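Protein chains in written order, with this note's numbering: chain A, 416 to 578; chain B, 416 to 578.
Note that beta-carbon positions come from the ideal geometry of N, C-alpha and C, so glycine has one too.
Treat the numbers as computed from the prediction; the structure is a model and nothing was measured.
Data block below; observations after.
There are 2 protein chains.
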Amino acid sequence: MSVIKLEPLTGKAFEPYGDVIEIRDSAENYLINNGTTRRYNDLATAVAQGPDARVAISTCRAQPFDLPLDLKMVERHPDGSQAFIPMQPCRFVVVVAPDEDGTPGAPRAFLAAPGQGVNYFAGSWHGVLTVLDQVSDFAIVDRQGEGPNLEEHFYDQPYRIEP
Amino acid sequence: MSVIKLEPLTGKAFEPYGDVIEIRDSAENYLINNGTTRRYNDLATAVAQGPDARVAISTCRAQPFDLPLDLKMVERHPDGSQAFIPMQPCRFVVVVAPDEDGTPGAPRAFLAAPGQGVNYFAGSWHGVLTVLDQVSDFAIVDRQGEGPNLEEHFYDQPYRIEP
């Protein structure tokens, strides 16, 4: 089985697939609220395409996975971005894959560190939410609207994801 | 000085002002990701009005306040909603006020419990981010676009907010 090693999640490495949501000094940042809060501005754009589409906020509670894990499937949402924002510090695996003429190429796997979230661009192939260590809660920022907004792809052979 | 007592933050009590973002069994919820994750769907809508406006995701790091605190000012964003999603369990004070012909009436103060975030409706008068106990990080989902999108109101007399 092909083996994929986890890479550290950085804004630069993740750039082709989406945005990293975190406290990041390299982002535009400034004090607000009379100096009591520092804002790291505009890390990601939430997109919802289609006539009646809108951006909404949901939550979810995810059961943990163990490493190594076998990746069989990726999915994408052609009509909207999708952000996962951890509501407690946690580690999770972020699988993405480049698009190659409508199907996903070989995946990459990033390890999100405590304090990091992600926003997948509309149309980015990605794996399902894969948290490690313990049950974890996330906020989800994504599209609500008509249409399936979902494509799934099952790889002919699974990939093994290792630390 | 007028005293305001903190109220528990519930979706029902907060309904006139915005949405509570949390894991809430009374929300529409269902299993996703082959049963490993339960999604609590569509708790809040993110709104960004204006020709070039969009919904974006930012983060912030907030210094803690002590109770009691004196509330002098509230603000609102007429062209967009604004959500604060805690990235770790924390308590924060959520001040809101009804609109009375363009100015805020007497405020109410809610105590967000660990695991709760909020989304202020566009045009809802609210206080600034007021976290308790320790420095805390939040994701912010709000509008990016032209125009000030900000109105501030200073009360003639401050209100004292007490536990």
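Problem set entry | Euclidean distance between Cα positions of Y467 of chain B and V462 of chain A | Contrary to the premise, residue 467 of chain B reads as Asp rather than Tyr in this sequence. One C-alpha to the other measures close to 13 Å.
Exercise. If we call anything under 7 Å between Cβ atoms a contact, is F499 of chain A one with F553 of chain A?
Worked result: Yes. Within cutoff.
Exercise. Taking three-plus beta-carbon pairs below 8 Å as touching, is the segment 436-445 of chain A in contact with the segment 536-549 of chain A?
Worked result: Counting Cβ pairs under 8 Å, fewer than three are found: no touch.
Problem set entry | Under the three-state DSSP convention, the category A428 of chain B falls into | Here A428 of chain B sits in helix by DSSP.
For this session: Tell me the start and end of each unbroken beta strand (DSSP E) in the segment 485-569 of chain B that is at least 3 residues and wholly inside, in chain order.
Result: If you keep only unbroken beta strand (DSSP E) runs of at least 3 residues inside the segment 485-569 of chain B, you get 497-501, 507-512, 523-527, 532-535 and 551-559.
Exercise. Where V511 of chain A and Q497 of chain A are concerned, what is the direct C-alpha to C-alpha distance, given to the nearest angstrom?
Worked result: In this model, V511 of chain A and Q497 of chain A are separated by some 13 Å (Cα to Cα).
For this session: List the residues of chain B whose Cβ lies closer than 8 Å to the Cβ of N448 of chain A, in chain order.
Result: Per Cβ cutoff of 8 Å: A477, V543 and L544.
Exercise. Going by the CB atoms, is the gap between A459 of chain A and T460 of chain B shorter than 7 Å?
Worked result: Result no, Cβ atoms of T460 of chain B and A459 of chain A do not sit closer than 7 Å.
Exercise. For T474 of chain B, which beta-bridge partners are listed by DSSP?
Worked result: Partner residues in the beta bridge of T474 of chain B, as assigned by DSSP, are A:Y455 and B:A554.
For this session: For V435 of chain B, write down the residues that DSSP places opposite it in a beta bridge.
Result: V435 of chain B is bridged to B:V533.
Exercise. When Cβ atoms are compared, which residues of the segment 485-513 of chain A fall closer than 7 Å to chain B?
Worked result: Answer set for the segment 485-513 of chain A: A498, I500, P501, M502, Q503 and P504.
Problem set entry | Interface flag, R558 of chain B vs chain A, CB-CB below 7 Å | No - not a single Cβ of chain A is within 7 Å of the one on R558 of chain B.
Problem set entry | chain A contact residues for N456 of chain B, given Cβ-Cβ distances below 7 Å | The answer, in chain order, is S473.
Exercise. Does the separation of the CB atoms of F525 of chain B and L424 of chain B fall below 7 Å?
Worked result: Cβ distance < 7 Å, so F525 of chain B and L424 of chain B count as in contact.
For this session: Measure the alpha-carbon distance for Q549 of chain B versus L484 of chain B and round it to whole angstroms.
Result: Their backbone Cα atoms lie some 16 Å apart in a straight line.
Exercise. Excluding the five sequence neighbours on either side, which residues of its own chain have a C-beta within less than 7 Å of the C-beta of D457 of chain A, listed in chain order?
Worked result: Hits under 7 Å: E443.
For this session: Give the interface partners of N564 of chain A over in chain B, defined as CB-CB distance under 9 Å, in chain order.
Result: Ordered by position in chain B, no residue passes the 9 Å Cβ test against N564 of chain A, which lies about 14 Å from the chain.
Problem set entry | Contact list for the segment 521-555 of chain B against chain A, Cβ threshold 8 Å | Residues passing the 8 Å Cβ filter: G530, G532, N534, V543, L544, D552, A554 and I555.
Problem set entry | Cβ-based neighbour list, A428 of chain A, same chain, cut-off 8 Å, excluding 5 preceding and 5 following | Hits under 8 Å: E422 and F525.
For this session: Given a cut-off of 7 Å, decide if G538 of chain B and R491 of chain B are closer than it, judged by their beta-carbon atoms.
Result: Using a Cβ distance threshold of 7 Å, R491 of chain B and G538 of chain B count as a contacting pair.
For this session: Kindly say whether A468 of chain A, judged by its beta-carbon, lies nearer than 7 Å to any beta-carbon of chain B.
Result: So no, A468 of chain A is outside the interface.
Problem set entry | Candidates B:D494, B:P573, B:Q503 and B:D481, of which the one nearest C475 of chain B by Cα | Ranking B:D494, B:P573, B:Q503 and B:D481 by CA distance to the CA of C475 of chain B puts B:Q503 first.
Problem set entry | Beta-carbon separation (whole angstroms), N564 of chain B vs D494 of chain B, contact threshold 8 Å | Confirmed, about 4 Å.
Exercise. Near G520 of chain B, which residues of its chain fall below 6 Å by C-beta distance, leaving aside the five closest residues on each side in sequence?
Worked result: A512 and P513.
For this session: Quick one: list the residues of chain A neighbouring A461 of chain B, beta-carbon separation under 8 Å, in chain order.
Result: Within 8 Å Cβ-Cβ: A461, R469, V470, A471, I472 and V556.
For this session: For R575 of chain B, decide whether its Cβ has a neighbour in chain A, counting only Cβ atoms nearer than 7 Å.
Result: So, not an interface residue.
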